[in-house]
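Below is one structure, written out as structure tokens; the observations come after it.
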Amino acid sequence: MKIVKISTLILSIMFLYACGGGSSSQQETEAEEEAPAETAAAPESAIADTAILVIEGNDMMQFNLKELAVPEGQIVKLTLKHVGQMSAEAMGHNWVLLAAGTDKAAFGMAAVAARENGYIPQDMLEQVITNTEVIGGGEETTIIFEAPAMGYYDYICSFPGHWGVMQGTLTVNPG
Ligand code: CU
Numbered sequence: 029m030k031i032v033k034i035s036t037l038i039l040s041i042m043f044l045y046a047c048g049g050g051s052s053s054q055q056e057t058e059a060e061e062e063a064p065a066e067t068a069a070a071p072e073s074a075i076a077d078t079a080i081l082v083i084e085g086n087d088m089m090q091f092n093l094k095e096l097a098v099p100e101g102q103i104v105k106l107t108l109k110h111v112g113q114m115s116a117e118a119m120g121h122n123w124v125l126l127a128a129g130t131d132k133a134a135f136g137m138a139a140v141a142a143r144e145n146g147y148i149p150q151d152m153l154e155q156v157i158t159n160t161e162v163i164g165g166g167e168e169t170t171i172i173f174e175a176p177a178m179g180y181y182d183y184i185c186s187f188p189g190h191w192g193v194m195q196g197t198l199t200v201n202p203g
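So the sequence shown is numbered by my numbering: it starts at 29 and just counts up by one.
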């Protein structure tokens with residue numbers, strides 16, 4: 029009788045295991061079927077949706093564009109070109125997109141002391157949506173970022189003394 033009870037118990041355990049195992053393997057199969065479709069679609073749409081923006085800085089401490097615009101959620105490939113000849117130490121430029129509500133003046137002043145961090149004050153990172161590195165004459169640099177929520181955003185060059193004139197507005201339109 030003891031042997032019968034044990035074998036019944038084993039059968040019960042095997043039955044439970046079989047049911048549990050069956051349903052979980054079915055879920056795995058469904059997940060595998062969905063995954064390839066998403067992976068295949070992503071690269072194509074990412075390329076099609078990328079907006080190319082080019083902005084120039086020169087030796088006269090100027091950006092050539094004061095206004096940029098992209099749709100909400102847009103993948104943006106922005107290139108900053110320094111079309112001058114002066115060095116990054118004398119006339120360096122970067123492109124810094126500031127979060128809405130950022131005090132440009134306060135940021136620009138703090139940036140003066142942040143040379144080793146590309147003139148991005150490390151205690152104000154939450155006010156930076158994205159930024160390029162600092163470049164000198166004849167150089168260019170590119171960043172890729174996703175356009176933030178609809179609204180108006182200031183951009184500046186945070187090289188010491190530049191933010192006052194090297195600034196503009198990125199308008200993010202409805203997507
Ligand atoms: Cu500059």
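Where a beta carbon is used, it is the ideal one built from N, C-alpha and C, also for glycine.
Note that the coordinates shown come from a computational prediction; the quantities given were computed from them, not determined experimentally.
So residue 106 and residue 184 are supposed to be a Cβ contact under 8 Å. How far apart are they, rounded?
Taking the first residue of the sequence shown as position 1, residue 106 is located at position 78. Taking the first residue of the sequence shown as position 1, residue 184 is located at position 156. Under the criterion of beta carbons closer than 8 Å, residue 106 and residue 184 do not qualify as touching, at roughly 14 Å.
Can you name the residues that DSSP bridges to residue 105?
Position 77 of the sequence shown, counting from 1, holds the residue named residue 105. DSSP, once it has assigned bridges, lists 80 and 172 as partnering residue 105.
Keeping to the same chain, check which residues put their C-beta closer than 8 Å to that of residue 155; ignore five residues upstream and five downstream.
Sequence index remark: in the sequence shown, residue 155 carries index 127 (1-based). Cβ neighbours of residue 155 beyond the five flanking positions: 126, 127, 130 and 135.
Runs of 3 residues minimum, wholly inside the segment 121 to 157: which ones carry the beta strand (DSSP E) assignment?
If we require 3 residues or more, the beta strand (DSSP E) runs fully inside the segment 121 to 157 come out as 124 to 126.
Output the distance between the C-alpha atoms of residue 82 and residue 108, rounded to the nearest integer angstrom.
Numbered from its first residue, the sequence shown carries residue 82 at position 54. Numbered from its first residue, the sequence shown carries residue 108 at position 80. Each residue's alpha carbon lies about 6 Å from the other.
Under DSSP, the alpha helix (DSSP H) around residue 118 begins and ends at which residues?
As a first step, residue 118 is located in the sequence shown; it is residue number 90 there, counting from the start. Run containing residue 118: 116 to 119, per the alpha helix (DSSP H) assignment.
On the CB-based measure, 16 or more other CB atoms within 10 Å of its CB, does residue 180 come out buried or exposed?
Mapped onto the sequence shown, residue 180 falls at position 152. With fewer than 16 other Cβ atoms within 10 Å, it is exposed.
Roughly how many angstroms separate the alpha carbons of residue 116 and residue 200, rounded to a whole number?
In the sequence shown, residue 116 corresponds to position 88, counting from 1. In the sequence shown, residue 200 corresponds to position 172, counting from 1. For residue 116 and residue 200, the distance between alpha carbons rounds to 30 Å.
With a threshold of 16 other CB atoms inside 10 Å of the CB of residue 96, please say whether the residue is buried or exposed.
The residue you call residue 96 lines up with position 68 of the sequence shown. With a 10 Å radius around the Cβ and a threshold of 16 neighbouring Cβ atoms, residue 96 comes out buried.
For the ligand CU, which residues count as neighbours when the test is a C-beta closer than 5 Å to any heavy atom?
121, 185, 187, 190 and 194
Reduced DSSP secondary structure (H/G/I, E/B, other) of residue 87
Within the sequence shown, numbered from 1, the residue matching residue 87 stands at position 59. In the structure shown, residue 87 sits in coil (DSSP, three-state: anything other than H, G, I, E or B).
Per DSSP, cross-strand counterpart(s) of residue 167:
On the sequence shown, position 139 is the one that residue 167 refers to. DSSP, once it has assigned bridges, lists no residue as partnering residue 167.
Segment limits, beta strand (DSSP E) that includes residue 196
Residue 196 sits at position 168 when you count from the first residue of the sequence shown. Element bounds for residue 196: 195 to 201.
CA-to-CA distance, residue 84 to residue 165, given in whole angstroms:
One-based indexing of the sequence shown puts residue 165 at position 137. One-based indexing of the sequence shown puts residue 84 at position 56. Answer to the nearest angstrom: the Cα atoms are 11 Å apart.
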